[in-house]
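Going by numbering that gives the first Met the number 0, the first residue of the sequence shown is number 0, and it counts up by one from there.
Following: one structure in structure tokens, then a few remarks.
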Amino acid sequence: MKAYRAAILRFATDRQPSHAAFFEEDGLLVVGPNACGVQVVQAVGSYNQLRRSFPDLEVIHWPGRIIAPGFVDLHSHYPQTNIIGSPSEGLLPWLEHFTFPEEERFASPDYCAQTATFFIAELLRHGVTTALTFSTSHRVSVDVLFAEAKKNSLRLITGLCLMDRHAPADLLNQGSGNGKRDATEQSLLDSQELIERWHGVDRLGYAITPRFAPSCTDAQLCGAGELAARFEKVWIQSHVAENKAEVAWARALFPASASYLATYADFGLLRQRAIYAHCIHFDDADRELMRTTGAAAAVSPTSNLFLGSGFFDYASADRVGFQYGLASDVGGGTSFSPFHTMLAAYYVAREGQTKAGLSLSPQHLWWQHTVGAARALGLEGVVGNLQPGCEADFVVLNPQATPLFARKTSVCASLDELLFSMIVLGDDRLVERTVISQAI
Ligand code: GUN
Ligand code: ZN
0 MKAYRAAILR FATDRQPSHA AFFEEDGLLV VGPNACGVQV VQAVGSYNQL
50 RRSFPDLEVI HWPGRIIAPG FVDLHSHYPQ TNIIGSPSEG LLPWLEHFTF
100 PEEERFASPD YCAQTATFFI AELLRHGVTT ALTFSTSHRV SVDVLFAEAK
150 KNSLRLITGL CLMDRHAPAD LLNQGSGNGK RDATEQSLLD SQELIERWHG
200 VDRLGYAITP RFAPSCTDAQ LCGAGELAAR FEKVWIQSHV AENKAEVAWA
250 RALFPASASY LATYADFGLL RQRAIYAHCI HFDDADRELM RTTGAAAAVS
300 PTSNLFLGSG FFDYASADRV GFQYGLASDV GGGTSFSPFH TMLAAYYVAR
350 EGQTKAGLSL SPQHLWWQHT VGAARALGLE GVVGNLQPGC EADFVVLNPQ
400 ATPLFARKTS VCASLDELLF SMIVLGDDRL VERTVISQAI
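Here it is, written out as structure tokens:
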């Protein structure tokens, strides 16, 4: 067992609203193995009260620091690390001019390996300890990322990007080579094989990954839906309703469906553990479909602002009551930093405020990148919080890390002021260390 003393931030499990934060000025976090040998939170609370229960335990003391749950990033693309900050008129030209040419490079195992190593190091440097991310349509890109995540004991979910049309030839899924199986059939067999190889190994999980409906034929979406029905605990990830031109294209390709989102439902791809990036251009029927199926939105505000896609409608999402959490969407998104993402979400909600009187509180923003994102993944109580039983993934924040952080945080008079100051000013300089739960 190990014990850490510092200020501790965590979220309520038995209070309303569920994004209410607890802040222990002088806290103790006790970590030790559970029955399966995984390091979890054994106890958490005030140092003075808890210390008596663990008199013999050596305590690591981090004065002036804040221990907080590791961040959960609900959507990103590891192969887009190099194209962060590539400006374009909008999503579709951005895919064509920057994204697809870069993703073609992932046919090379070496290129996959050096990008995967960098990407995971960057997640950890920014305090992200659980990530759902896209690979490319190359099998090797998936194997290499899983192997790197395993080496780092990271909770990571990814999958083979399914795209059997509307992309450059080198990026389309490939057939078996001997003519026995076409690209569609091979991509589904590859997905199944990758599920069997990686899903549930250590902290890894598989996501069935149709890129978005326009890049998949009916046959591929149908096969993806069949896989999703067969492997219930596996995740699904895709994109929906990000950009108006994309929505029009999807509607033209699948005219029989009631909406772009409904296309996914029609192929059996909306269910719990299905995470859809963006979800901007929705009507209430779409929101109801999200709610009734248990699918969740990966809200990606830096990406939406950068690509000019639009604004996630928080007020309508809450009115109808579907699940969402925050995501970097690197490389459409402009930063690995959860602080930058939370700040962008605040700006986006401010845009909605003129319509609905809504503004996001700092506790709610922080919750969306921790417990809320974990809940969207079906992993609440496992990651994203520091309650007893949660896996011991956490960050140690140093509010003194720069002259401005130190000056500003020293005058904060409430928890909300402290959290807001970190959201507004924070970045990787605030994250002094990231601690990952290890199996023993
Ligand atoms: N829609 C389909 N592919 C992509 C992608 O790579 N990034 C974003 N932001 N949207 C997409
Ligand atoms: Zn994306």
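Ideal placement from N, C-alpha and C gives every residue a C-beta, glycine not left out.
Bear in mind that the values here come from a model prediction, so they are computed numbers and not experimental data.
Output needed for residue i: all residues of its chain with C-beta closer than 7 Å, excluding positions within five of it in sequence on either side, in chain order.
i, result
"E103", "P167, D169 and L170"
"L203", "F145, A148, K149, L155 and W197"
"V423", "L342"
"G377", "Q271 and R272"
"D163", "L171, N172, A182, T183, S186, C215, T216 and Q219"
"C389", "V39, V40, G380, V381 and V382"
"G320", "R290"
"E101", "P78, Q79, N81 and I82"
"K243", "H280"
Any heavy atom of ligand 1 within a distance shorter than 7 Å of the CB on residue i?
i, result
"L94", "yes"
Confirm, please, whether the CB-CB distance from residue j to residue i is below 8 Å.
i, j, result
"V347", "P300", "yes"
"G84", "V127", "no"
"C215", "L159", "no"
"P387", "A42", "yes"
"A206", "T129", "no"
"G330", "H76", "yes"
"A2", "V29", "yes"
"I66", "F393", "yes"
"S237", "F253", "no"
"F99", "S87", "no"
"V71", "H368", "yes"
"P361", "D415", "yes"
"H60", "R9", "no"
"S190", "L131", "no"
"P108", "V141", "no"
"S152", "Q399", "no"
"L288", "A261", "yes"
"P209", "H165", "no"
"H499", "A297", "Because the chain in this structure spans residues 0 to 439, residue 499 falls outside the shown range and cannot be described."
Any heavy atom of ligand 2 within a distance shorter than 7 Å of the CB on residue i?
i, result
"H74", "yes"
"A276", "yes"
Check for me: the beta strand (DSSP E) holding residue i runs from which residue to which?
i, result
"Y259", "That residue, Y259, is in no beta strand (DSSP E); its alpha helix (DSSP H) goes Y259 to D265."
"R4", "K1 to F10"
"F404", "Segment P402 to S409 is the alpha helix (DSSP H) holding F404; no beta strand (DSSP E) there."
"Q113", "Per DSSP, Q113 belongs to no beta strand (DSSP E); it is in the alpha helix (DSSP H), P108 to R124."
"F442", "Nothing about residue 442 can be read from this structure; the chain reaches only from 0 to 439."
"R432", "V430 to V434"
"P209", "L203 to P209"
"F22", "A20 to P32"
"F393", "F393 to L396"
"S52", "That residue, S52, is in no beta strand (DSSP E); it is neither H nor E in DSSP."
"A42", "Q38 to S45"
"I235", "W234 to V239"
Looking at the unbroken alpha helix (DSSP H) that takes in residue i, where does it start and where does it end?
i, result
"L153", "Per DSSP, L153 belongs to no alpha helix (DSSP H) and is neither H nor E."
"A372", "V370 to A375"
"L364", "P361 to Q367"
"T128", "Per DSSP, T128 belongs to no alpha helix (DSSP H); it is in the beta strand (DSSP E), V127 to F133."
"L325", "Counting along the chain, L325 falls outside any alpha helix (DSSP H), though it belongs to the beta strand (DSSP E) covering Q322 to L325."
"V246", "K243 to L252"
"I422", "L414 to L424"
"S302", "P300 to F305"
"A223", "D217 to R229"
"A276", "Unbroken run through A276 is the beta strand (DSSP E), A273 to H277; no alpha helix (DSSP H)."
"T183", "A182 to W197"
"F99", "F99 to E103"
"S315", "Y313 to V319"
"P86", "That residue, P86, is in no alpha helix (DSSP H); it is neither H nor E in DSSP."
"D282", "No alpha helix (DSSP H) contains D282, which DSSP labels as neither H nor E."
"L268", "Unbroken run through L268: none, as it is neither H nor E."
"L91", "L90 to W93"
Excluding five sequence neighbours on each side, which residues of the same chain lie with their C-beta closer than 6 Å to the C-beta of residue i?
i, result
"S409", "none"
"S302", "D328, G331 and G332"
"L269", "Y263, T292 and A294"
"D426", "S336 and F338"
"Q322", "A295 and A375"
"E23", "I7 and S45"
Excluding the five sequence neighbours on either side, which residues of its own chain have a C-beta within less than 8 Å of the C-beta of residue i, listed in chain order?
i, result
"D283", "S315 and V319"
> Closer than 6 Å from C-beta to any heavy atom of ligand 1: which residues, in chain order?
Replying inline: H76, L90, L94, T98, R210, F211, H238, E241, S302, D328 and G331
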